[in-house]
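Report on one structure; see the data block that follows.
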Amino acid sequence: MVSRSELRARARQSLSGQWGRSALFMLVFLLIGAITNVIPAIGQIAIEICAGALAFGSYSFFLRISRGERPPFVELLSGFPDFIRTFLLYLLMLVFTLLWMLLFIVPGFIAALRYSMAYFILKDNPEISALEAIRRSKEMMKGHKGRLFVLFLSFIGWMLLCFVTFGIGILWLNPYIYTTMAHFYEDLRQRGESFYGAYAQVPPPPPHSF
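Structure representation (C-alpha cells):
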C-alpha cells in the first residue's frame with residue numbers, strides 16, 4: 001500500500017512544471033464563486049446549481065495532471081455538457097452527507113470520506129449514473145476511509161502556512177491536495193481494491209442505504 005509521503009511525493013512530481021498554471025486554475029475557480037456571491041440571492045442560487053459541474057471540472061483537471069497530462073483551463077467547464085449527472089451527483093452527495101450529520105457530526109464526516117471518490121469515478125465512467133458513482137465510491141473506500149482522513153491531516157502544516165500568507169497559499173495548497181487525492185484514487189484503482197473488479201459479485205444495497 002502506497003504511504004502518505006509517497007502519495008504526496010507523486011503529487012509534487014505530477015505538479016512539477018505545472019504549479020503556476022494549477023494555482024491560476026484554482027484562482028479562476030475561486031473567483032467564479034466570489035463573483036457569483038456578490039450578487040444577492042441569485043448569485044448564491046446560481047453557484048449552488050453549477051457546483052456539481054464545477055466540482056467535476058476541478059476533479060477532472062487534477063486527475064489528468066496526476067496522469068501526466070497538461071489539461072487546458074477549459075477543463076473546469078467539462079462538467080457542463082453533462083450538467084444533469086454532475087448536478088445530481090453533487091445533490092445526492094450533499095443530501096446523503098447531511099442526513100448522516102443529523103445523527104452526529106462524525107457519521108457525516110465519515111459519509112463525506114465514503115463518497116470522496118465519486119467525481120473521479122464519474123470522470124472515468126461517463127456511462128454510469130450519479131447514484132452508481134456514489135455506490136462505487138462507497139465500495140472503493142471500504143477499509144480506506146481512515147487512511148484518507150490521516151492523509152488529509154498531513155496537510156495541516158501547509159494549511160497553517162496559508163494563514164501566514166493571508167490565504168494566498170491556498171492557490172498552491174488546493175492543487176496539491178486535489179492531485180494527492182487523485183493519486184490516492186489511482187492507487188486504489190490500480191491495486192484492484194476498487195469496486196470495478198468486484199461489482200459483478202456485490203449485490204446492490206437497498207434503496208435506503210446511503
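First residue of the sequence shown: 1, per UniProt numbering; consecutive thereafter.
Backbone N, C-alpha and C define an ideal beta-carbon position, used for all residues, glycine too.
Proximity winner among the options, relative to residue i (alpha-carbon distances)
| i | options | result |
| --- | --- | --- |
| Phe132 | Ile177, Trp19, Ile170 and Met93 | First, the amino acid is wrong: residue 132 is Glu here, not Phe. When each option's Cα is compared against that of Glu132, the closest is Met93. |
| Ile25 | Phe184, Tyr178, Arg147 and His183 | Looking at the sequence shown, residue 25 is not Ile but Phe. Per the Cα distances, Tyr178. |
| Phe109 | Gly17, Tyr185, Tyr59 and Phe149 | Phe149 |
| Lys142 | Leu160, Arg114, Gly157 and Ile47 | Arg114 |
| Ala55 | Pro107, Thr180, Leu173 and Ser116 | Ser116 |
| Ser137 | Ile121, Leu76, Pro72 and Val106 | Ile121 |
| Leu188 | His144, Ser78 and Tyr176 | His144 |
| Leu30 | Ala9, Ser14, Gly57 and Ala41 | Gly57 |
| Ile84 | Phe61, Ile49 and Pro107 | Ile49 |
| Met140 | Gly43, Ala111, Leu102 and Phe61 | Ala111 |
| Leu77 | Ser60, Leu91, Tyr90 and Leu89 | Ser60 |
| Glu127 | Trp158, Pro107, Trp100 and Asp82 | Asp82 |
| Leu171 | Gly43, Ile156 and Ala23 | Ala23 |
| Ala9 | Leu63, Tyr176, Val38 and Glu186 | Tyr176 |
| Lys123 | Val38, Leu99, Gly43 and Glu186 | Glu186 |
| Glu75 | Leu99, Pro107, Ala34 and Arg21 | Arg21 |
Residue i in three-state terms, based on DSSP
| i | result |
| --- | --- |
| Thr165 | coil |
| Gly17 | coil |
| Pro107 | helix |
| Ser60 | helix |
| Ile42 | helix |
| Phe155 | coil |
| Glu6 | helix |
| Pro81 | helix |
| Lys123 | helix |
| Arg114 | helix |
| Met26 | helix |
| Gly146 | helix |
| Gly52 | helix |
| Gly33 | helix |
| Glu69 | coil |
| Met1 | coil |
| Ala198 | With a pLDDT of only 44 at Ala198, under 50, the local geometry of the prediction cannot be trusted, and no value is derived from it. |
| Pro204 | Unreliable positioning characterises Pro204 in this predicted model, as indicated by a pLDDT of 44, which lies under 50. The coordinate reading is nonetheless provided below. Three-state DSSP puts Pro204 in coil, outside helix and strand. |
Delimiting residues of the alpha helix (DSSP H) encompassing residue i
| i | result |
| --- | --- |
| Asp187 | Ile170 to Gln190 |
| Lys138 | Ala130 to Met140 |
Beta-carbon separation (whole angstroms), residue i vs residue j, contact threshold 8 Å
| i | j | result |
| --- | --- | --- |
| Gly52 | Phe87 | 4 Å |
| Arg70 | Gln18 | 7 Å |
| Thr165 | Ala11 | Contact doesn't hold; Cβ gap of about 20 Å is too wide. |
| Val28 | Phe73 | 7 Å |
| Leu7 | Ile65 | Not a contact, Cβ separation roughly 14 Å. |
| Ala46 | Leu89 | Going by Cβ atoms, the distance from Ala46 to Leu89 rounds to 18 Å, so no, they are not a contact pair. |
| Leu173 | Phe184 | With a Cβ gap of about 16 Å, Leu173 and Phe184 do not count as contacting. |
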